[in-house]
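Accompanying notes for the structure given below.
2 protein chains.
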Amino acid sequence: MRARDIADPDFPAVPVDGDAWEAASLLAGRKLVGLIVIDEDGQPMAILPGAEVLRFIIPDYVQHDLALARVYDEQSADELASTLEGKTVRQLLPKKELVDLEIVDGDATAIEVAAVMARMHSPVVAVVENGQMLGAITAGMLLDNVLPRR
Amino acid sequence: MRARDIADPDFPAVPVDGDAWEAASLLAGRKLVGLIVIDEDGQPMAILPGAEVLRFIIPDYVQHDLALARVYDEQSADELASTLEGKTVRQLLPKKELVDLEIVDGDATAIEVAAVMARMHSPVVAVVENGQMLGAITAGMLLDNVLPRR
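Set out below in structure tokens:
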């Protein structure tokens, strides 16, 4: 079982310079755990997890003092979401070094994919082969392939 | 919009002293991002993300040297998965202090839920009201409720 056999080719991808609001709406509408972010050449460059988008919307001081979160009403929720307006997907991405990427080769074994996912603490990895993106693999899809049937 | 209005009551929960293999199979079969772990009294006590189960299966030295992952064949994948045999869900849980929990009150606002999710880096939170578990909320479900329609 190789990555190319497991990858879901319909897993949504968004361009890194695309609209942040549209990316968030895609995550929301399809209840996704994350999106693949692609560069100008259509190559995957990062995973954008849903929790990261929430982290972008919610001010730091609210994340660190939950009592403050309680005072926000529906109106302010709308205002918070508006922080996505005019932003790009790039601005939502965690500020980490792009050394280790959540990307595996189509030829990677299930164990390799699991090792990348485990090391990166990522719920999704993108699969690439010969410069072509084949799709993505989630932890659930991978477990489904790694656990022997019984 | 409150947590109780957003929570999915059918989100699966597993007992902390339940079988690790069964929990992994549930994650796999339903392609879930994580499971709610409940204690002896049926109260949620943690979230078990799929990536955490993979981290348990894959030896540390393989996570740190991806070249080693490459040499594993299908046979060894079966052997790795067998590390779940005879283990409990408790043994799969990350060894963190159970001070901050991925749990919110049914009365929590969407912003409060988002703040907990963002702070805990968790893709799922459990919702509890009057000692009763109402269900769970994922980042995707929450974004779907937080983003104003347009």
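Line by line, the protein sequences give chains A and B.
Residues in the first sequence are numbered consecutively from 28, following the working numbering.
Residues in the second sequence are numbered consecutively from 28, following the working numbering.
Where is the CB? At the ideal position from N, CA and C, for every residue including glycine.
For R29 of chain A, which option in A:V154, A:Q159, A:V43 and A:M160 has the closest C-alpha, if you only look at C-alpha atoms?
A:V154
What did DSSP end up calling V60 of chain B once you bin it into helix, strand or coil?
Residue state for V60 of chain B is assigned as coil, using DSSP reduced to three classes.
Using a Cβ-Cβ cut-off of 7 angstroms (strictly less than) and excluding sequence neighbours within five positions of M144 of chain B, which residues of its own chain qualify?
V152, A166 and L169
Could you name the residues of chain B that I85 of chain A contacts, counting a contact when the two beta carbons are closer than 8 angstroms?
Those within 8 angstroms of I85 of chain A in chain B are I138, A141, A142 and A145.
Quick one: list the residues of chain A neighbouring P71 of chain B, beta-carbon separation under 7 angstroms, in chain order.
The contacting residues do not exist; P71 of chain B stays about 17 angstroms from chain A at best.
For P150 of chain A, return the contacting residues in chain B, with the cut-off set at a CB-CB distance below 9 angstroms.
V60, G61, P76, G77, A78 and P150
Would the region 38-58 of chain B and the region 126-142 of chain B be scored as touching if the rule is three or more Cβ pairs under 8 angstroms?
The answer is no - the region 126-142 of chain B does not touch the region 38-58 of chain B, with fewer than three Cβ pairs under 8 angstroms.
Look at the alpha carbon of H148 of chain A and the alpha carbon of L111 of chain A, and state the distance between them as a whole number of angstroms.
Whole-angstrom Cα-Cα distance: 25 angstroms.
Along the region 160-176 of chain B, where does the CB come closer than 9 angstroms to a CB of chain A? Name the residues.
Answer set for the region 160-176 of chain B: T165, A166, G167, M168, L169, L170, D171, N172, V173, L174 and P175.
Thinking C-beta only, is L75 of chain B closer than 8 angstroms to A217 of chain B?
Because chain B here runs from 28 to 177, residue 217 of chain B falls outside it and cannot be looked at.
Can you give the Cα-Cα distance for E13 of chain A and F83 of chain A, rounded to whole angstroms?
Past the boundaries of the shown model lies residue 13 of chain A; chain A is included only from 28 to 177, so the question cannot be answered.
Starting from the C-beta of D134 of chain A, find all residues in its chain whose C-beta is less than 8 angstroms away, skip the five residues before and the five after it, and write them out in chain order.
So the list reads R29, A30, R31 and E156, once near-sequence residues are dropped.
Here's a check: name, in chain order, each residue in its chain whose Cβ is nearer than 7 angstroms to the Cβ of V60 of chain B, leaving out the five neighbours to either side.
Within the same chain, V60 of chain B has close Cβ partners P76, G77, P150, V151 and T165.
Tell me the DSSP bridge mates of D132 of chain A?
According to DSSP, D132 of chain A bridges with A:V155.
May I have the straight-line CA-CA distance separating R97 of chain A from V173 of chain B, to the nearest angstrom?
15 angstroms
Taking C-alpha atoms, which residue in B:V43, B:A34, B:G56 and B:I33 lies nearest to P175 of chain A?
B:G56
Would you mind stating whether D171 of chain A and K58 of chain B have Cβ atoms separated by less than 8 angstroms?
Yes; because the gap between Cβ atoms is below 8 angstroms, this pair is in contact.
Tell me I65 of chain A's beta-bridge partners as DSSP assigns them.
Note: I65 of chain A sits in a beta bridge opposite A:P42 and A:P71.
Taking the C-alpha atoms as reference points, what is the distance between Q118 of chain A and V89 of chain A?
20 angstroms
Tell me the rounded alpha-carbon separation between S52 of chain A and V131 of chain B.
Rounded to whole angstroms, S52 of chain A and V131 of chain B show a C-alpha spacing of 24 angstroms.
If we ignore side chains and look at the alpha-carbon of each, how far apart do R180 of chain A and H91 of chain B end up?
With chain A running from 28 to 177 in the structure shown, residue 180 of chain A is simply not present.
Roughly how many angstroms lie between the CA atoms of D68 of chain A and V64 of chain B, to the nearest whole one?
42 angstroms
Ignore the nearest five residues each way along the sequence and tell me which others in P86 of chain B's own chain have a CB closer than 7 angstroms to its CB.
If we look at P86 of chain B and ignore the five residues flanking it on each side, it has no Cβ neighbours.
With a threshold of 16 other CB atoms inside 10 Å of the CB of A94 of chain A, please say whether the residue is buried or exposed.
Exposed is the label assigned to A94 of chain A, since fewer than 16 other Cβ atoms lie within 10 Å of its Cβ.
What's the gap between the Cα of E113 of chain A and the Cα of L120 of chain A?
The sequence as given places Gly at residue 113 of chain A; Glu does not occur at that position. About 15 angstroms.
Return the residue from the list A:G158, A:A73 and A:L128 that minimises the CA-CA distance to V116 of chain A.
A:A73
At least one CB of chain A closer than 8 angstroms to the CB of A40 of chain B: is that the case?
It does not; no Cβ of chain A falls within 8 angstroms.
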